[in-house]
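Heads up: the sequence lines are chains A and B, in that order.
Number 50 in my numbering belongs to position 50 of the first sequence; there are no gaps in the numbering.
Remember, my numbering sits 61 above the position in the second sequence when you count from 1.
Every residue, glycine too, gets a C-beta built ideally from N, C-alpha and C.
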Amino acid sequence: MKTRSYDHDPNEIAEKAKKWVASYRGKRAMKEVLKKAASAKERLEKDRQIDPKSIFEPMTL
Amino acid sequence: MSQPFEVFEYHIDKLSEILAEKSSASLKAVNKKLHRCYFENYFDGIGARTIIVENGYIDRDFLDDYAEYYVKCFKRYRRKCTRLHFFRTSFLSEDLDALLSSGPDDLLESKFQEAYLGFIVIKPLPQTVIGRTCLTAYPGDSGRRNFPIRRPYKANLFGLSLKINSLAFQEQDMVVAACATSALWSVFHGTGMLFQHPIPSPVKITKAATDDFPIEDRAIPSHGLNYAQMANVIRSVGLEAIIVDVSKHYILKSTLYAYLKGSIPLIMGINLYDVTGKKVRFMGKHAVAITGYSLGLSEAEPFPIPNTGFLLRASRIDKIYVHDDQVGPFARMKFDGKKVALDQGKEASISTSWRGDNGRGAVGSARAVAECVLIPIYHKLRITFETIHDSVLFFDLFFEQLREKGFLPSLAQRLEWEIYFTTINELKKDLLNSKTFNGSYRKDVLTENMPRFIWRATAHNQDSPVLDLLFDATDIEQGNFFLRAIEYDPIIAKVLRIVAKEEAVVKNFEESPANRTLEWFKKQPMESF
């Protein structure tokens, strides 16, 4: 995705970022991010779960 | 009594002959072993030219196994082994004679040391003859190949002090040790140095595994261990065992990278499948010790769960190196994207050096499906990789929003995260050698008190670090285990510090795993950057 570019004045950039996170769009974007991350985490937790049966199967080769 | 040493020009046929002659195995049995095929390629790769045979060698590990089992057999087994030393230069028996009989010669001694490639102990047994083996690993190839578990081993050859960086390997003897025993034994050679615990011999490992499981099977002869028994052995040396399902390759790569880079070896349980026939055939379960990885892919692959785009350096792994007791040390297993068709559907698989078709197939005609990894960790290491991974994932997605909006102009592309376990000593050594930051900030970081074990998440912009997130690996999950960030880019630092103070960010993220990290940025003063 293309990014917007601001002048490289750190104070100006920081102020603009601050306004954005406090704006309606910023808040909505954060909510979407959290939803996406939570769904990924849930999927990962499922994938990481071990099959209890496999714990007691011997490795014989 | 045979002569104390013999010197031979290296050739794989000569090596097979020596293995047969010095053990109780037939040449046919030696030539049938996967090890022969593996050593042929391996010794060609590392450039072996000469073998010194050290007769009458006493090996501590074999002596333990011998005292526990072989001495009690009716048949008389020999207790002394033979040790083979490998060198990358050519020399004759007279050269070693000269060194031993003509007084000190520092130049000749250093020549032997420089050319040293390691050793193999031959056990005097009928079939399983490869004992303690410490060989040099493949060259690093400009950082692509990584073997973080290696440690120095000393070999004293008639007073000649030889050193090799390796991790000990040995073949299971199928009596006092099964594959899992050999994998555990290799892993303990790594963790023993890192966490300071004694390294048990194979027979002691098998006994510790079966102590609490008396009805599973008889202890000796051993017919194989399961994960629960392996965890029992790990506890017996004072460590804790973590088990993770790694059938998804993203989880396997990220987990092995996180621990291996911190010098913690892992045991991987695999299911082996014969793919020579029309239908895939299950061969059995096997355990290997993961000892290295290759970062062969030029770009990180996005997290496979859709819509996140999260990039981990671990996803660049294209091969792992394992101590597979049936193949050899640092044996390659490749993530080549091939799947095996099983009854339950197609499963991602990894290449191996095993033969399918009951040993008659070509090398590689058996494939591995990863099942679980068992990670031996110090008991004070309480925060697991999964907790850190998820915390960084949440932080990254928020960070990416700021980048996409153009608030982080120095970043043209998405950050690539490297998440791994480290120690305070390693971290500070790395920071002290870093040219990325300077001044009082650097001094503050280097002099700050930190716990002994740390999780480090480094965010890279191409190959330059822009941010380090440090987590206390010894804390508890309910605690604030985020230690601090190290900010290498003043604009990123400023933006993160200012947005983290905004009420909207605090409220949205207070229940998320990234909360502890954002809380730290919130508390940082604006004027210090």
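Chain-ordered chain A contacts of residue i [CB-CB under 9 Å]
i, result
"B/Tyr-288", "Ile-50, Ser-54, Ile-55, Phe-56, Glu-57 and Met-59"
"B/Leu-463", "Ala-17, Trp-20 and Val-21"
"B/His-310", "Correct list: empty, because the minimum Cβ distance to chain A is about 11 Å."
"B/Gln-387", "Leu-61"
Rounded straight-line distance, which links the Cα of residue j to that of residue i
i, j, result
"B/Glu-461", "B/Phe-570", "15 Å"
"B/Lys-584", "B/Lys-562", "8 Å"
"B/Ile-411", "A/Lys-53", "23 Å"
"A/Met-30", "B/His-521", "23 Å"
"B/Cys-134", "B/Ala-280", "16 Å"
"B/Val-424", "B/Lys-490", "43 Å"
"B/Tyr-382", "B/Lys-224", "22 Å"
"B/Arg-139", "B/Leu-333", "34 Å"
"B/Met-394", "B/Glu-78", "28 Å"
"B/Asp-306", "B/Asp-397", "20 Å"
"B/His-25", "B/Ala-86", "Here chain B has residues from 62 to 590 only, and residue 25 of chain B is not among them."
"B/Ala-427", "B/Ile-312", "23 Å"
"B/Arg-144", "B/Leu-157", "16 Å"
"B/Asp-536", "B/Gly-417", "47 Å"
"B/Glu-175", "B/Asp-335", "42 Å"
"B/Tyr-288", "B/Phe-274", "12 Å"
"B/Pro-470", "B/Asn-368", "23 Å"
"B/Phe-371", "B/Arg-149", "44 Å"
"A/Thr-3", "A/Gln-49", "Confidence in A/Thr-3 is poor, its pLDDT being 48 and thus under 50, which makes the residue's placement unreliable; the coordinate value appears in the next sentence. If you take the alpha carbons of A/Thr-3 and A/Gln-49, they lie about 38 Å apart."
"B/Ser-163", "B/Arg-110", "24 Å"
"B/Phe-456", "B/Trp-246", "39 Å"
"B/Arg-577", "B/Thr-337", "52 Å"
"A/Asp-9", "B/His-250", "53 Å"
"B/Ile-547", "B/Pro-574", "19 Å"
"B/Val-567", "B/Gln-231", "54 Å"
"B/Gln-474", "B/Thr-242", "46 Å"
"B/Ser-227", "B/Tyr-118", "20 Å"
"B/Arg-205", "B/Ile-351", "16 Å"
"B/Asp-550", "A/Glu-45", "33 Å"
"B/Leu-488", "B/Glu-479", "14 Å"
"B/Glu-538", "B/Thr-271", "32 Å"
"A/Leu-61", "B/Asp-505", "53 Å"
"B/Val-248", "B/Phe-468", "46 Å"
8 Å contact criterion, which residue i and residue j should meet: CB distance rounded
i, j, result
"B/Leu-454", "A/Lys-41", "7 Å"
"B/Phe-482", "B/Phe-514", "7 Å"
"B/Tyr-320", "B/Phe-147", "The Cβ separation is near 30 Å, so there is no contact."
"B/Phe-532", "B/Leu-557", "At roughly 17 Å, the Cβ-Cβ gap does not stay under 8 Å, so B/Phe-532 and B/Leu-557 are not in contact."
"B/Ile-328", "B/Val-294", "Wrong, their Cβ atoms sit about 10 Å apart, outside the cutoff."
"B/Ile-210", "A/Lys-18", "No, B/Ile-210 and A/Lys-18 are not in contact; Cβ-Cβ is about 46 Å, not under 8 Å."
"B/Leu-178", "B/Leu-196", "6 Å"
"B/Gly-285", "A/Met-59", "5 Å"
"B/Val-236", "B/Tyr-127", "That pair is no contact at about 11 Å."
Amino acids of chain B, ordered along the chain, whose beta-carbon sits closer than 9 Å to that of residue i
i, result
"A/Arg-43", "Ile-366"
For residue i: DSSP bridge partner residues
i, result
"B/Asp-533", "B/Ile-515"
"B/Asn-569", "None, per the DSSP bridge assignment."
"B/Asn-217", "B/Ser-222"
"B/Asp-335", "B/Arg-342 and B/Ala-427"
"B/Trp-58", "Residue coverage of chain B in this structure runs from 62 to 590, which leaves residue 58 of chain B outside it and unanswerable."
"B/Ser-412", "B/Arg-428"
"B/Ile-328", "B/Ala-350 and B/Leu-435"
"B/Ala-239", "The partner list for B/Ala-239 (beta bridge, DSSP) is empty, contrary to what the question assumes."
"B/Lys-94", "B/Lys-94 pairs with nothing; no bridge assigned."
"B/Gly-206", "The sequence shown places Arg at residue 206 of chain B, rather than the Gly named in the question. B/Arg-206 is bridged to B/Ser-355."
"B/Asp-306", "B/Cys-433"
"B/Ser-227", "B/Arg-212"
"B/Met-254", "Looking at the DSSP assignment, B/Met-254 forms no beta bridge with any residue, so it has no partner."
"B/Ser-162", "According to DSSP, B/Ser-162 bridges with nothing at all."
Interface partners of residue i on chain A, CB under 8 Å
i, result
"B/Ile-559", "Ala-14, Glu-15, Ala-17 and Lys-18"
"B/Ile-351", "The premise fails here: B/Ile-351 is roughly 15 Å from chain A at the closest Cβ pair, so nothing lies under 8 Å."
"B/Gly-330", "Ser-54 and Met-59"
"B/Thr-369", "Lys-36, Ala-37 and Ala-40"
"B/Lys-224", "Chain A residues near B/Lys-224: none, gap ~33 Å exceeds 8 Å."
"B/His-384", "Per Cβ cutoff of 8 Å: no residues; B/His-384 is ~14 Å from chain A at best."
Residue i Cβ short of 7 Å to the ligand FAD heavy atom set
i, result
"B/Gln-188", "This structure simply doesn't include the ligand FAD, nor any ligand for that matter."
Residue i: contacting residues in chain A (beta-carbon distance under 7 Å)
i, result
"B/Met-344", "Leu-61"
"B/Cys-433", "Ile-50 and Ser-54"
"B/Leu-333", "Leu-61"
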